[in-house]
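> Could you have a look at this structure, given as structure tokens, before my questions?
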Amino acid sequence: MTDDPAVAQRLARWVERDAVVGLDAELTQTRHQLAERDAEVRDLRARVEQLGNRLAQLELERNALQHQVTATQRPPISRRVYRTTRTSAGRVLRAIGLR
Amino acid sequence: MTARPAVSVVVPSIGTRGVVLGAERVFVVDAVRSVLATTQVDLEIVVVAGREMPDEVVESLTALGPVTCVPYDAEFNFSATVNLGAAHARGEHLLLLNDDTEVISPGLLDRMLDAAAEPGVGAVGARLLFEDGTLQHAGHTYRTSLDHVGFGLPADSAGRTGLLRHRRRVSGVTAACMLTPMRVFDLVGGFCTEFPGNYNDVDYCLKVRASGHHIVYEPDAVLWHFESKSRVAGIRTDEIERIQRRWLTELVDDPFTPVVV
Numbered sequence: 406m407t408d409d410p411a412v413a414q415r416l417a418r419w420v421e422r423d424a425v426v427g428l429d430a431e432l433t434q435t436r437h438q439l440a441e442r443d444a445e446v447r448d449l450r451a452r453v454e455q456l457g458n459r460l461a462q463l464e465l466e467r468n469a470l471q472h473q474v475t476a477t478q479r480p481p482i483s484r485r486v487y488r489t490t491r492t493s494a495g496r497v498l499r500a501i502g503l504r
Numbered sequence: 002m003t004a005r006p007a008v009s010v011v012v013p014s015i016g017t018r019g020v021v022l023g024a025e026r027v028f029v030v031d032a033v034r035s036v037l038a039t040t041q042v043d044l045e046i047v048v049v050a051g052r053e054m055p056d057e058v059v060e061s062l063t064a065l066g067p068v069t070c071v072p073y074d075a076e077f078n079f080s081a082t083v084n085l086g087a088a089h090a091r092g093e094h095l096l097l098l099n100d101d102t103e104v105i106s107p108g109l110l111d112r113m114l115d116a117a118a119e120p121g122v123g124a125v126g127a128r129l130l131f132e133d134g135t136l137q138h139a140g141h142t143y144r145t146s147l148d149h150v151g152f153g154l155p156a157d158s159a160g161r162t163g164l165l166r167h168r169r170r171v172s173g174v175t176a177a178c179m180l181t182p183m184r185v186f187d188l189v190g191g192f193c194t195e196f197p198g199n200y201n202d203v204d205y206c207l208k209v210r211a212s213g214h215h216i217v218y219e220p221d222a223v224l225w226h227f228e229s230k231s232r233v234a235g236i237r238t239d240e241i242e243r244i245q246r247r248w249l250t251e252l253v254d255d256p257f258t259p260v261v262v
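So the sequences go chain by chain: A and B. To convert, count from 1 in the first sequence and add 405; that's this note's numbering. To convert, count from 1 in the second sequence and add 1; that's this note's numbering.
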């Protein structure tokens, strides 16, 4: 492009300088992005831990509720004893021919 | 070797002809003539002449006065032409000027030099008007997009807050008319040739700011810019990627945006 050594020298110096400035700028951007990702990872880890705790808490609550539901569905002990006794008595009476 | 001029005006051109303000002209000749007619500042003019430039345009230019035509015989690359012109320049300051401009305000260079003399100033931009009398440029604004402040407002608009009438620090300025000290141009390595058509001025201004200097808009330096409003910029994907790779944080966190005009 030019035969003038002074001009060629100036152009070469600017190309070199621009490359240095450009790389420095890109490095700054990369560092910035890295810091952003680090912060995001920290946030997500904290949320995962929080969610883990909440999950355990929910499971405990769920089990208690399940137990409560099952317990509510079963007849009281006296009723169960009466039924068992009546069934057994009926079986004996049938066996000895009184029924 | 004569004394070092205060300003070297660098004008890349291919000697395009066109009709503006009702008359046919060779843009670069009228641009250079308007600079010479409106200043007493000691200057030299370096026209970087693309291979398409007709010989008669070169002759017209050199007849105007302190004009040197430097041939540029490669594919179009605006940054490369600016650097080539600057490499031939001897001035303490560079005035980068598009060939499709015409100086309106008398003393344009004095005003821009005055702004450049403020401490820490690394580049000074001007107020550019379209042929239809609307504002093209009153500084850059970044963040979500790279735009011109005041684009499309009436030429004499001060903006709601008077902002367009004040010399002020801005995100950047267009290279269509930009004054920059040669030592700053040298410090940051001139224009990046990896931006052949777009964002080279944005990149330059961000390099200047990264070097600790300010960019200033000078409202009393006024020029016509005969660029079509509807010009298709032809922005290349690699230019967008490169400007973001270099300056995304600076663009997104631009301290001068939003600009209320």
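Glycine included, each C-beta is placed from N, C-alpha and C at the ideal position.
May I ask which residues mark the beginning and end of the alpha helix (DSSP H) holding TYR218 (chain B)?
Premise fails: TYR218 (chain B) lies in the beta strand (DSSP E), 215-226, not in any alpha helix (DSSP H).
> So, does the CB of ARG442 (chain A) fall closer than 8 Å to a CB anywhere in chain B?
It does not: the Cβ of ARG442 (chain A) has no partner Cβ on chain B nearer than 8 Å.
> Would you say GLU431 (chain A) faces chain B, with C-beta separation under 8 Å as the test?
yes
> According to DSSP, is PHE186 (chain B) part of a helix, a strand, or is it coil?
helix
> The alpha helix (DSSP H) spanning PRO155 (chain B) covers which residue range?
Premise fails: PRO155 (chain B) is in no alpha helix (DSSP H) and is neither H nor E.
> In the DSSP assignment, the beta strand (DSSP E) including PRO72 (chain B) goes from what residue to what residue?
68-73
> Hey, quick one: how far does the alpha helix (DSSP H) through ARG237 (chain B) stretch, first residue to last?
DSSP places ARG237 (chain B) outside any alpha helix (DSSP H), giving it a letter other than H or E.
> Classify SER9 (chain B) as helix, strand or coil using the three-state DSSP reduction.
strand
> Does any CB atom of chain C fall closer than 8 Å to the CB of LEU439 (chain A)?
Looking for chain C here will not work: the only protein chains present are A and B.
> Give the single residue among B:GLU60, B:GLU242 and B:GLY51 whose Cα lies nearest to the Cα of ILE15 (chain B).
B:GLY51
> How would you call GLY191 (chain B), buried or exposed, if buried means at least 16 neighbouring beta carbons within 10 angstroms?
buried
> What number of angstroms, rounded off, separates the C-alpha of TYR73 (chain B) from the C-alpha of VAL59 (chain B)?
Our two residues, TYR73 (chain B) and VAL59 (chain B), have alpha carbons roughly 13 Å apart in a direct line.
> How many Å lie between ALA177 (chain B) and ARG169 (chain B) at the Cα?
So the alpha carbons of these two residues sit roughly 18 Å apart.
> Report the three-state DSSP secondary structure of HIS167 (chain B) (helix, strand or coil).
Coil.
> With a cut-off of 8 Å, does the C-beta of LEU470 (chain A) fall near any C-beta of chain B?
no
> Can you find a C-beta in chain B that's less than 8 Å from the C-beta of VAL446 (chain A)?
Judged by the 8 Å Cβ criterion, VAL446 (chain A) is not in contact with chain B.
> Going by DSSP in three states, ALA118 (chain B) sits in which element: helix, strand or coil?
coil
> Less than 6 Å between C-beta atoms, sequence neighbours within five positions excluded: which residues of the same chain meet that for GLY19 (chain B)?
none
> Residue ranges of each beta strand (DSSP E) run of no fewer than 3 residues wholly in the stretch 14-83 of chain B, ordered along the chain?
18-21, 24-27, 44-51 and 68-73
> Roughly how many angstroms separate the alpha carbons of CYS193 (chain B) and VAL83 (chain B), rounded to a whole number?
C-alpha separation (whole angstroms): 10 Å.
> Report yes or no: do the stretch 214-223 of chain B and the stretch 152-171 of chain B share at least 3 C-beta pairs separated by less than 8 Å?
yes
> Can you list the residues of chain A that LEU249 (chain B) reaches, using a CB-CB cut of under 7 Å?
Near LEU249 (chain B) (Cβ distances below 7 Å), the residues of chain A are GLN434.
> Out of curiosity, what's the CA-to-CA distance linking LEU62 (chain B) and VAL33 (chain B)?
Those two C-alpha atoms are separated by around 8 Å.
> Going along the stretch 97-112 of chain B in order, which residues come within less than 7 Å of chain A, judged by CB to CB distance?
none
> Quick one: measure Cβ to Cβ for PRO197 (chain B) and ARG91 (chain B), integer angstroms, because I've assumed they're closer than 8 Å.
Going by Cβ atoms, the distance from PRO197 (chain B) to ARG91 (chain B) rounds to 26 Å, so no, they are not a contact pair.
> With a 10 Å radius around its C-beta and 16 neighbouring C-beta atoms as the bar for buried, classify THR142 (chain B) as buried or exposed.
buried
> Could you work out which residues of chain A lie near ALA211 (chain B), taking near to mean beta carbons separated by less than 9 Å?
Under the 9 Å cutoff, chain A gives VAL426, ASP429, ALA430 and THR433.
> Quick one: list the residues of chain B neighbouring ASP408 (chain A), beta-carbon separation under 9 Å, in chain order.
Those within 9 Å of ASP408 (chain A) in chain B number zero; the least Cβ separation is about 11 Å.
> With DSSP as the reference, please indicate the residues paired to MET113 (chain B) in a beta bridge.
Bridge partners of MET113 (chain B): none, in fact.
> Please name the residue or residues paired with GLU195 (chain B) in a DSSP beta bridge.
DSSP output for GLU195 (chain B) lists no bridge partner at all.
> Terminal residues of the continuous alpha helix (DSSP H) containing GLU464 (chain A)?
410-478
> In angstroms, rounded to a whole number, what distance separates the CA positions of ALA417 (chain A) and VAL185 (chain B)?
Their backbone Cα atoms lie some 16 Å apart in a straight line.
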